[in-house]
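Presented below is the structure to which this report refers.
Number of protein chains: 2
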Amino acid sequence: SYKQSTQFGKRGMTLEKEIIETNKYYLVTDLAVIHKKPTPIQVVQVDYPKRSAAVIKEAYYQQPSTTDFNGLYKGKYIDFEAKQTNNKTSLPFSNIHDHQVQHMKKVEEHGGISFFIIRFKQHNETFLLPIRPFIQVWEKQFEGNRKSLQYQYIKEHGYLIPFTLQAKVDYLKVLDSVYFNGGDNNESRRQKS
Amino acid sequence: SYKQSTQFGKRGMTLEKEIIETNKYYLVTDLAVIHKKPTPIQVVQVDYPKRSAAVIKEAYYQQPSTTDFNGLYKGKYIDFEAKQTNNKTSLPFSNIHDHQVQHMKKVEEHGGISFFIIRFKQHNETFLLPIRPFIQVWEKQFEGNRKSLQYQYIKEHGYLIPFTLQAKVDYLKVLDSVYFNGGDNNESRRQKS
Ligand SMILES: [Mg+2]
Ligand SMILES: [Mg+2]
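Heads up: the protein sequence lines correspond to chains A and B, in order.
Position 112 (the first sequence) corresponds to 112 in our numbering; numbering is contiguous.
Take the position in the second sequence, starting the count at 1, then add 1000; the result is the number in our numbering.
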């Protein structure tokens, strides 16, 4: 029952930027403390000019060892990865690395909350997909299954994230209903059934 | 200060590197999931040579907006900053920024655990200092008090971190006794008294 406006595609903002903006809103309204981790960069050469800041002259982007975002909500450790695709029917696994997925699995094992935020740009829909249904498909690729997550599967096992003006990707709303409603949450019900 | 030599054990490892090594040990032994955040770097110019990786040609170190390390231990969100000094009697507040301290305060308010790991290289001692006693001194600098944390104060309000071969900065041991012993922990007793 969540609806998303078609406007924000026109803002030229990527999903990541919209989540960063949403996190700022969460921070100033004191709802949550969640930050984007900096992109890891391997610095090879640095110049130290007199009287001014060090200039990095040669450096390379590194593979992130964990995820895009982490932080704290209602006393819980939160850890997630954001992915968007132009594809209509599936999210390809390219750009998702097994060590990231293993990290997210470990987070859940240690009592944290871990999930993907997945945007289908063509559908103008953004979903929160918990790590467990993700892993069920992820692990099958190693048995020769397809290397992507079907749109239909995400729709079935994920949760549509509402859009509001202050919080363009208002994922805390989903966390509230999925993880924080007193033990009888949707996610644990799904796991049991 | 990106270049730091260290006397410690003549291993040539800085405090930060030792914590990174300790975290790896915690990770492989499945004790905790705690990572160093990448250093934030503002990229200005990138070359995209054919058939090889993008080369960053101009970039600058940015002020970190949060802390060095965060992660998950026993279901709790953990967030901390590491500082070492050659000074014998105090840790100067230079290189600690108010927005970092405010971040750490917010972490505690949202139910996380936040602290400093402080090494006095001359004493060969490393302490865990919870954010609350830190803030009591931090805030007084704005009333004209000194801009440093006294060694004696840290000794009194902090906890010596043990050194083991596998975990050179074995701070989980301190977390266990200070935050995780069933509600009657040292830290909450200290707050009450
Ligand atoms: Mg991403
Ligand atoms: Mg530091």
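Note that the Cβ used here is the ideal one computed from N, Cα and C, for glycine as well.
Quick caveat, the model's predicted, so the values are computed rather than measured.
Can we count B/K1140 as close to ligand 2, meaning its CB is less than 7 Å from some heavy atom?
-> By one-based count along the second sequence, residue 1140 of chain B stands at place 140. B/K1140: no, Cβ never under 7 Å from ligand 2.
List the residues of chain A whose Cβ lies closer than 7 Å to the Cβ of B/T1039, in chain order.
-> Walking along the second sequence from the start, residue 1039 of chain B turns up at place 39. The answer, in chain order, is P38.
State the beta-bridge partners of A/S114 as determined by DSSP.
-> Numbered from 1 along the first sequence, position 114 holds the residue referred to as residue 114 of chain A. Paired residue(s): A/D79.
Excluding the 5 residues preceding and the 5 following B/L1128 in the sequence, name in chain order all residues of the same chain whose CB lies nearer than 7 Å to its CB.
-> Here residue 1128 of chain B is taken as the residue at index 128 of the second sequence, counted from 1. F1115, I1117, G1158, Y1159, I1161, Y1171, V1174.
Closest Cα partner of A/E156 within the set A/F134, A/K140, A/Q166 = Residue 156 of chain A sits at position 156 when you count from the first residue of the first sequence. Closest option to A/E156, Cα to Cα, is A/F134.
Where does B/P1130 land, buried or exposed, given buried means 16+ other C-beta within 10 angstroms?
-> As a position in the second sequence, residue 1130 of chain B is number 130, starting the count at 1. Classification of B/P1130: buried, given that the 10 Å Cβ count is 16 or more.
When you compare each of B/F1093, B/K1076, B/Y1077, B/G1075 to B/K1083 by their alpha carbons, which one comes out closest?
-> Translated into the one-based positions of the second sequence, residue 1083 of chain B becomes position 83. Nearest option by C-alpha distance: B/F1093.
Should A/D98 be listed as close to ligand 1, given that the test is whether its C-beta is under 7 Å from any heavy atom?
-> Numbered from 1 along the first sequence, position 98 holds the residue referred to as residue 98 of chain A. It does not: the Cβ of A/D98 is nowhere closer than 7 Å to a heavy atom of ligand 1.
Do A/H103 and A/Q63 come within 8 Å of each other at the CB atom, strictly closer than that value?
-> Taking the first residue of the first sequence as position 1, residue 63 of chain A is located at position 63. Taking the first residue of the first sequence as position 1, residue 103 of chain A is located at position 103. Contact flag unset, no.
Tell me where the alpha helix (DSSP H) around A/F134 begins and ends.
-> Within the first sequence, the letter at position 134 stands for residue 134 of chain A. 131-138 is the span of the alpha helix (DSSP H), which, as asked, contains A/F134.
Option in A/K76, A/F120, A/V137, A/V169 with minimal Cα separation from B/E1108 | The residue given as residue 1108 of chain B occupies position 108 in the second sequence. Ranking the options by Cα distance to B/E1108, first place goes to A/K76.
Counterpart residues of B/V1033 in DSSP-defined beta bridges = Taking the first residue of the second sequence as 1, we reach residue 1033 of chain B at position 33. Answer is B/L1072.
With DSSP collapsed to three states, give me the class of A/Y48.
-> Counting from one through the first sequence, the residue named residue 48 of chain A turns up at place 48. DSSP places A/Y48 in coil when its eight states are reduced to three.
Kindly give me the distance between the Cβ atoms of B/F1069 and B/H1035, rounded to whole angstroms, as I take these residues to be in contact under 8 Å.
-> By 1-based counting over the second sequence, the position of residue 1069 of chain B is 69. By 1-based counting over the second sequence, the position of residue 1035 of chain B is 35. Right, the Cβ-Cβ distance comes to about 7 Å (below 8 Å), so this counts as a contact.
6 Å Cβ shell around B/T1089 - same chain, five flanking residues per side excluded = On the second sequence, position 89 is the one that residue 1089 of chain B refers to. Result list for B/T1089: Y1151, in chain order.
By the criterion of Cβ-Cβ separation under 7 Å, what are the contact partners of B/I1135 in chain A?
-> Along the second sequence, one-based indexing puts residue 1135 of chain B at 135. Going along chain A, no residue has its Cβ under 7 Å from B/I1135, so there is no contact; the nearest lies around 16 Å.
With DSSP as the reference, label A/K24 as helix, strand or coil.
-> Your numbering for residue 24 of chain A matches position 24 in the first sequence. Of the three classes helix, strand and coil, the one that applies to A/K24 here is helix, per DSSP.
Flag A/T66 as yes if its beta-carbon sits less than 8 Å from any beta-carbon of chain B, otherwise no.
-> Start at 1 with the first residue of the first sequence, and residue 66 of chain A comes out as number 66. Chain B contact via Cβ: present.
Can you grab the Cα-Cα spacing for the pair A/I56 / B/P1040, in whole Å?
-> Locating residue 56 of chain A in the first sequence gives position 56, counting from the first residue. Locating residue 1040 of chain B in the second sequence gives position 40, counting from the first residue. A/I56 and B/P1040: Cα-Cα distance of roughly 12 Å.
Keeping to the same chain, check which residues put their C-beta closer than 6 Å to that of B/I1019; ignore five residues upstream and five downstream.
-> For this step, residue 1019 of chain B is matched to residue 19 along the second sequence. Answer for B/I1019: A1082, V1169, listed in chain order.
Please report how far the alpha carbon of B/E1021 lies from the alpha carbon of B/N1086, in whole angstroms.
-> Numbered from 1 along the second sequence, position 21 holds the residue referred to as residue 1021 of chain B. Numbered from 1 along the second sequence, position 86 holds the residue referred to as residue 1086 of chain B. B/E1021 and B/N1086: Cα-Cα distance of roughly 22 Å.
Whole-angstrom distance between B/T1067 and A/A53, CA atom to CA atom | Start at 1 with the first residue of the first sequence, and residue 53 of chain A comes out as number 53. Start at 1 with the first residue of the second sequence, and residue 1067 of chain B comes out as number 67. Taking the straight line joining both Cα atoms gives about 21 Å.
Could you tell me the distance, in whole angstroms, from the CA atom of A/H99 to the CA atom of B/A1167?
-> Here residue 99 of chain A corresponds to residue number 99 of the first sequence, with the count starting at 1. Here residue 1167 of chain B corresponds to residue number 167 of the second sequence, with the count starting at 1. Using only the alpha carbons, I get a separation of about 23 Å.
So the alpha helix (DSSP H) A/Q100 belongs to, where does it begin and stop?
-> Within the first sequence, residue 100 of chain A is the residue found at index 100, counting from 1. It spans 98-109 - the alpha helix (DSSP H) in which A/Q100 sits, taken as one unbroken run.
For A/I56, the three-state DSSP class (helix, strand or coil) = As a working note, residue 56 of chain A is residue 56 in the first sequence. In the structure shown, A/I56 sits in a strand (DSSP, three-state: E or B).
Can B/E1021 be considered in contact with ligand 2, in the sense that its beta carbon sits closer than 7 Å to one or more heavy atoms?
-> By one-based count along the second sequence, residue 1021 of chain B stands at place 21. No.
Answer yes or no: the CB of B/E1081 versus the heavy atoms of ligand 2, is any distance below 7 Å?
-> The residue you call residue 1081 of chain B lines up with position 81 of the second sequence. For ligand 2, at least one heavy atom lies less than 7 Å from the Cβ of B/E1081.
Looking at the structure shown, is B/S1177 part of a helix, part of a strand, or coil, going by DSSP?
-> The residue labelled residue 1177 of chain B in the question sits at position 177 within the second sequence. If DSSP states are grouped into helix, strand and coil, B/S1177 belongs with the helices.
Sort out for me which residues DSSP pairs B/T1126 with in a bridge.
-> Start at 1 with the first residue of the second sequence, and residue 1126 of chain B comes out as number 126. B/T1126 pairs with B/R1119.
Through-space distance from B/K1024 to B/S1188, alpha-carbon basis = Taking the second sequence and counting its residues from 1, the one referred to as residue 1188 of chain B is at position 188. Taking the second sequence and counting its residues from 1, the one referred to as residue 1024 of chain B is at position 24. With a pLDDT of only 48 at B/S1188, under the threshold of 50, the placement of this residue in the model should not be trusted; the figure read from the coordinates follows. Taking the straight line joining both Cα atoms gives about 29 Å.
Interface residues of the stretch 49-60 of chain A facing chain B [CB-CB below 8 Å] | A53, A54, V55, I56, K57, E58, A59, Y60
When the Cα atoms are used, what is the spatial distance from B/E1143 to B/L1149?
-> Taking the second sequence and counting its residues from 1, the one referred to as residue 1143 of chain B is at position 143. Taking the second sequence and counting its residues from 1, the one referred to as residue 1149 of chain B is at position 149. Taking the straight line joining both Cα atoms gives about 15 Å.
Is the Cβ of A/N70 closer than 8 Å to any Cβ of chain B?
-> Translated into the one-based positions of the first sequence, residue 70 of chain A becomes position 70. A/N70 counts as touching chain B.
Listed from N- to C-terminal order along the chain, which residues in the stretch 86-111 of chain A have their beta-carbon within a distance smaller than 9 Å of any beta-carbon of chain B?
-> H103, K106, V107, E109, H110, G111
Comparing alpha-carbon positions, which option in A/V43, A/K105, A/Y48, A/V33 lies nearest B/I1078?
-> Locating residue 1078 of chain B in the second sequence gives position 78, counting from the first residue. Checked all of A/V43, A/K105, A/Y48, A/V33; the closest Cα to B/I1078 is A/V33.
Can you name, in chain order, every residue of its own chain whose Cβ lies under 7 Å from the Cβ of B/F1195, other than the five neighbours on each side?
-> There is no way to answer for residue 1195 of chain B, as the model of chain B reaches only from 1001 to 1193.
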